[in-house]
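Report on the following structure.
Residue numbers (the working numbering): 56 to 339.
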């Protein structure tokens with residue numbers, strides 16, 4: 056009797072914890088590019104969710120769908136252009152504990168389709184990532200090692216085919232937010248981020264994509280698919296980004312919040328305003 060009571064109490068506690076977080080329903084995005092037009096080339100993006108999980112992303116000519124396995128983890132995405140045979144497909148495989156084992160992406164490069172695959176292996180606090188491409192006779196094209204500390208990616212080391220280190224970056228965190236990327240070998244620039252103190256919609260998304268290991272999986276995948284953002288694991292909303300190198304465009308963001316202190320609208324300016332993005336967030 057006591058055992059059943061305690062089990063029921065745990066389930067109740069979990070349900071209460073989840074009830075504290077809003078459930079995303081839709082995000083409408085309007086992006087203006089002033090690089091190509093004085094009045095701004097406009098791209099409208101409609102992001103839809105089903106029970107809080109990312110379901111589709113639509114623009115005027117491209118639609119992307121998201122699919123999940125029996126454990127609720129993202130296992131496939133498809134991206135297609137309307138009126139064209141162009142297509143991109145990504146795949147995700149996990150171990151029984153929900154850790155990422157493999158990521159693959161099939162995409163068009165010139166006149167041929169290429170598949171890039173990344174295999175992840177776990178050795179204590181280290182994660183080895185080996186990337187191969189189908190048009191390079193499956194030869195190793197990237198040899199990367201990630202170091203995990205306190206459940207977060209702390210360091211990334213890139214080696215060449217002779218096992219010499221050609222890139223090394225360390226990552227810093229504060230109050231649950233990614234605050235700094237420090238390049239030590241190769242690209243030695245420093246990237247810096249600031250945040251508000253409100254709930255993050257990006258965090259809601261990646262939690263529902265990758266489950267309990269989202270804090271590790273999201274950064275890992277961000278290096279192989281630009282649609283995933285390392286900083287989206289942060290507890291709060293990113294307000295500014297700047298770097299010590301001019302090759303990175305600074306970004307500033309402003310938010311308005313709902314009664315639950317989550318974003319209701321956002322206004323993002325890249326660089327000197329050449330790209331401006333406005334988003335409106337809708338919740339269940």
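Idealized CB from N, CA, C, for every residue including glycine.
What you are looking at is a predicted structure, and each value in this text was computed from that prediction instead of being measured.
Worksheet item: Which residue from 266, 229 and 209 puts its Cα closest to that of residue 125?
Response: 266
Item to complete: Confirm, please, whether the CB-CB distance from residue 336 to residue 209 is below 7 Å.
Response: no
Discussion item. Quick check on DSSP: helix, strand or coil for residue 81?
Written reply: strand
Item to complete: Measure the CB-CB distance between residue 207 and residue 177 and report whether it falls below 7 Å.
Response: no
Discussion item. Less than 6 Å between C-beta atoms, sequence neighbours within five positions excluded: which residues of the same chain meet that for residue 81?
Written reply: 103 and 337
Fill in: Three or more C-beta pairs below 8 Å linking the region 235-243 and the region 303-319
no
Worksheet entry | Distance CB(residue 174)-CB(residue 163) smaller than 7 Å | no
Worksheet item: Counting Cβ pairs closer than 8 Å, one from the region 107-117 and one from the region 131-151, do we hit at least three?
Response: yes
Discussion item. So the candidates are 254, 100 and 334; which of them puts its Cα closest to the Cα of residue 231?
Written reply: 254
Worksheet entry | Euclidean distance between Cα positions of residue 213 and residue 181 | 13 Å
Worksheet entry | 7 Å Cβ shell around residue 225 - same chain, five flanking residues per side excluded | 209, 210, 237 and 239
Discussion item. Judging by CA-CA distance, which residue of 327, 85 and 187 is the nearest neighbour of residue 279?
Written reply: 187
Practice prompt. Taking only the alpha-carbon atoms, compute the straight-line gap between residue 87 and residue 131 and give it to the nearest angstrom.
Written response: 29 Å
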